[in-house]
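One structure below.
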């Protein structure tokens, strides 16, 4: 077994991502010698102890990070500013602070200024997930074949960047470095916009008369169902993502709405060629995905 | 084995739905004694003979329906008016003409007036599918646990309605009777709108700069992928569906766009409560689906 990357890792928040990393760290042994978990409620911490992937739990985030040489923010991104303020005075000199948030510019904006000198901040985003949340939902193969995007601001300590990259490789992930603003735009189209659409169409269906609503459920297999899997995701996490990647989400939504209006116009005026062209593009993208084995 | 429902069934078009019904008819033996298949190209008909689920193939639709006591239109709905005109003089007295199209008002509008006296027209729609098409794509379990909606206009011969309903039950489907206009509205929200959105968002992504396009493929697992499965469907079939369910599709798209604008506004102005509420509704609908075992 390789030498552990860290002596002690502290997780602040322990949902799908955090508890998957903790399970991997526990199983492999070469990520950290000691695992400390912090969450907002004692109930979650009790459950974490039952699940057996932590050495120690702490209800106070400041206490959780004391003496840890790696601290991983795994809460919804909207909670990061508060958490960072609480832990800043307790962070150990030389520690690496990282996160798993789905928006990166907001994290750099909210957390960056609060980091004490001598602590290294390496923002990262493992692009993996399911529609489940909470400490029970994690599993050790979540990151296999998936990408983790590491988005350090200019001037970040390279040794720390490499340690966090190696942590994700040991979790089974491929690692790519990306500028935070570019990350936010790419994620807006591949993840945030599809989720926004999925939540929205569920609402549109839910607004139909009661009779039709039952029928939506009966006949969901014809397309609607594919949209609802991702619509089952955690509301607070997604609220925070939309609010913290506002510019890019609004831009991608605007582009999509223009394209949808284009389809509406083609349908209204019977422009068969335009419609066929749009459907063909969908197939093309799908074929690319299959060729890249992401589907 | 029960007595076959029909002496001879003729399929006009033999894609996913038609070839699934033909396979079931061949396997069960109690749907029709003889299976005749018509398609637009000899190549498809040759393939059908190789696949072995037809007794006979006919390139001429008129010849295909001669002497058949059941005729099933399985082509894209945009081809129905033409097909109906071609077969009308050849339909046998007392025959039942049915279809599997995804839009029902247009079928009644296009086919209804062309039916000779003494032929019974029973429009129907098996709400089942995959993203695959063509005679190779059919399989005998496609309709199991799914619904077939039968939408006979007022005054349709009840014996014929019951025969078509029984055909679908023998295919493994549940059967429900529905008014054609109501059918078109329900399908617009559960199937046509989700497909329209899926095709559109693929186009939106495809329009991004080349570099981002590769990244869309790399990170598709984060949500986008779920939208692309249904975007792989047959372009001509979908073009025809959109054009032939224009009013309902445009209305549902309009409702959806209003709701998406509502989300855009909430994101722009930071209305956290509104966003959380929308996400919660998505979860609620998803839970209903799971409870009804459609997911």
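Residue numbers (the numbering used here), protein chains in the order written: chain A, 73 to 367; chain B, 73 to 367. Using N, Cα and C, we set each Cβ at its ideal position, and we do this for glycine too. Source: prediction; values computed, not measured.
Task: Proximity to residue 304(A) [Cα-Cα], best of 324(A), 159(A), 152(A), 202(A) - done: Ranking the options by Cα distance to residue 304(A), first place goes to 202(A).
Open item on the list: Contact criterion: CB-CB distance below 8 Å. Does residue 348(B) meet it with respect to chain A?
Closed with: Cβ-Cβ to chain A under 8 Å: yes for residue 348(B).
TODO: Give the secondary structure of residue 367(A) by DSSP, where H, G and I count as helix, E and B as strand, and everything else as coil.
DONE: With a pLDDT of only 48 at residue 367(A), under 50, the local geometry of the prediction cannot be trusted, and the value read off the model is given with reservation. Looking at residue 367(A) - three-state DSSP - the assignment turns out to be coil, as it is neither helix nor strand.
- [ ] Could you check which residue in 207(A), 285(A), 167(A) has the C-alpha nearest to that of residue 112(A)?
- [x] The shortest C-alpha separation from residue 112(A) is found at 207(A).
Task: Listed by chain order, chain B residues near residue 298(A) by CB distance under 9 Å - done: Result: 266, 270, 298, 299, 301, 302.
Open item on the list: So, at 6 Å on beta carbons, what are the nonlocal neighbours of residue 170(A) in its own chain, with the 5 sequence-adjacent residues on each side left out?
Closed with: Excluding positions up to five away in sequence, the list reads 144, 194, 196, 236.
Open item on the list: Report the CB separation of residue 184(A) from residue 224(A) in whole angstroms; it is logged as a contact under 8 Å.
Closed with: Contact flag wrong, Cβ pair sits at about 11 Å.
- [ ] Please confirm if residue 307(B) has its CB atom under 8 Å from at least one CB of chain A.
- [x] Yes - at least one Cβ of chain A is within 8 Å of the one on residue 307(B).
- [ ] Name, please, each residue of chain A whose Cβ falls closer than 8 Å to the Cβ of residue 163(B).
- [x] Result: empty, since nearest Cβ-Cβ is about 29 Å, beyond 8 Å.
Task: Within chain B, partners of residue 171(A) - CB distance below 9 Å - done: Scanning chain B for C-beta atoms nearer than 9 Å to the C-beta of residue 171(A) yields nothing, as the closest lies near 17 Å away.
Open item on the list: Short of 8 Å in beta carbon distance, which residues of its chain neighbour residue 280(B), apart from the five on each side in sequence? Order them along the chain.
Closed with: If we look at residue 280(B) and ignore the five residues flanking it on each side, its Cβ neighbours are 288.
TODO: Using a threshold of 8 Å, state whether the C-beta atoms of residue 332(B) and residue 325(A) are closer than that.
DONE: Cβ atoms of residue 332(B) and residue 325(A): closer than 8 Å.
Open item on the list: Tell me which residues share the same chain as residue 142(A) and place their Cβ nearer than 6 Å to its Cβ, disregarding the 5 neighbours each side in the sequence.
Closed with: The residues are 78, 81, 168.
TODO: Write down the C-beta distance between residue 312(A) and residue 149(A) rounded to the nearest angstrom, noting that I regard them as a contact closer than 8 Å.
DONE: Between residue 312(A) and residue 149(A) the beta-carbon gap is near 5 Å, inside 8 Å, which marks them as a contact.
Task: Alpha-carbon spacing of residue 103(B) relative to residue 247(A), whole angstroms - done: Separation of residue 103(B) and residue 247(A) (C-alpha to C-alpha, rounded to the nearest whole angstrom) is 57 Å.
Open item on the list: Against residue 322(B), what residues of chain A qualify as contacts under a CB-to-CB distance less than 7 Å, listed in chain order?
Closed with: Those are 336, 339, 340, listed as they occur along chain A.
Task: Whether residue 137(B) touches residue 163(B) by CB criterion (8 Å) - done: Going by C-beta atoms, residue 137(B) is nearer than 8 Å to residue 163(B).
Task: Status (buried if at least 16 other CB within 10 Å, exposed otherwise) for residue 114(B) - done: Residue 114(B) sits exposed, since fewer than 16 C-beta atoms from the chains shown fall within 10 Å of its C-beta.
TODO: Pick helix, strand or coil for residue 221(B), following the three-state DSSP scheme.
DONE: If DSSP states are grouped into helix, strand and coil, residue 221(B) belongs with the strands.
Open item on the list: If I measure Cβ to Cβ from residue 139(A) and keep anything under 7 Å in the same chain, skipping five residues before and after, which residues do I get?
Closed with: In chain order, 80, 164 place their CB closer than 7 Å to the CB of residue 139(A), counting only its own chain and leaving out the 5 sequence neighbours on each side.
- [ ] Determine which residues share a DSSP beta bridge with residue 149(A) and list them.
- [x] Per DSSP, none; premise fails for residue 149(A).
Open item on the list: So residue 332(B) contacts chain A; which residues on that side make the cut at Cβ distance below 9 Å?
Closed with: Residues of chain A passing the Cβ test: 268, 269, 272, 273, 276, 325, 328, 329, 332.
TODO: Under 8 Å by Cβ, that's how I've got residue 357(B) and residue 272(A) pegged, so tell me the actual separation to the nearest angstrom.
DONE: Contact between residue 357(B) and residue 272(A) fails: their C-beta atoms lie close to 12 Å from each other, not under 8 Å.
Task: Cross-strand partners of residue 168(A) (DSSP beta bridge) - done: According to DSSP, residue 168(A) bridges with 142(A), 192(A).
TODO: Return the residues of the segment 233–251 of chain B that lie within a Cβ-Cβ distance of less than 7 Å from chain A, sorted by chain order.
DONE: Correct list: empty, as no residue qualifies.
Task: Separation of residue 127(B) from residue 74(B), as counted between CA atoms - done: A direct Cα-Cα distance of roughly 20 Å separates residue 74(B) from residue 127(B).
Task: Where the alpha helix (DSSP H) through residue 94(A) begins and ends - done: Here the alpha helix (DSSP H) through residue 94(A) covers 88–100.
TODO: Would you identify the three-state DSSP class for residue 354(B), choosing helix, strand or coil?
DONE: Assigned with DSSP and collapsed to three states, residue 354(B) falls in helix.
- [ ] Rank 259(B), 216(B), 190(B) by C-alpha distance to the C-alpha of residue 277(A) and give the top, closest one.
- [x] In this structure, 259(B) is the residue among 259(B), 216(B), 190(B) with its C-alpha nearest to the C-alpha of residue 277(A).
TODO: Flag this pair as yes or no: are the beta carbons of residue 89(B) and residue 109(B) separated by less than 8 Å?
DONE: Contact flag unset, no.
Open item on the list: Just to make sure I have the definition right: I need the residues of chain D whose C-beta is within less than 7 Å of the C-beta of residue 352(A). Which are they?
Closed with: In the structure shown, chain D cannot be found, because the protein chains are A and B.
Task: chain A residues whose Cβ lies nearer than 7 Å to that of residue 181(B) - done: Per Cβ cutoff of 7 Å: no residues; residue 181(B) is ~15 Å from chain A at best.
TODO: With 9 Å as the limit, tell me which residues of the segment 140–155 of chain B have their beta carbon closer than that to any beta carbon of chain A; keep them in chain order.
DONE: Within the segment 140–155 of chain B, the residues whose Cβ lies closer than 9 Å to any Cβ of chain A are, in chain order, 150.
Task: Anticipated Cβ contact below 8 Å, residue 291(A) with residue 191(B), distance rounded - done: That pair is no contact at about 29 Å.
TODO: Could you check what DSSP says for residue 78(A) in three-state terms: helix, strand or coil?
DONE: In the structure shown, residue 78(A) adopts extended strand secondary structure according to DSSP, grouped into three states.
- [ ] List the residues that DSSP assigns as beta-bridge partners of residue 249(B).
- [x] DSSP output for residue 249(B) lists 222(B) as bridge partner(s).
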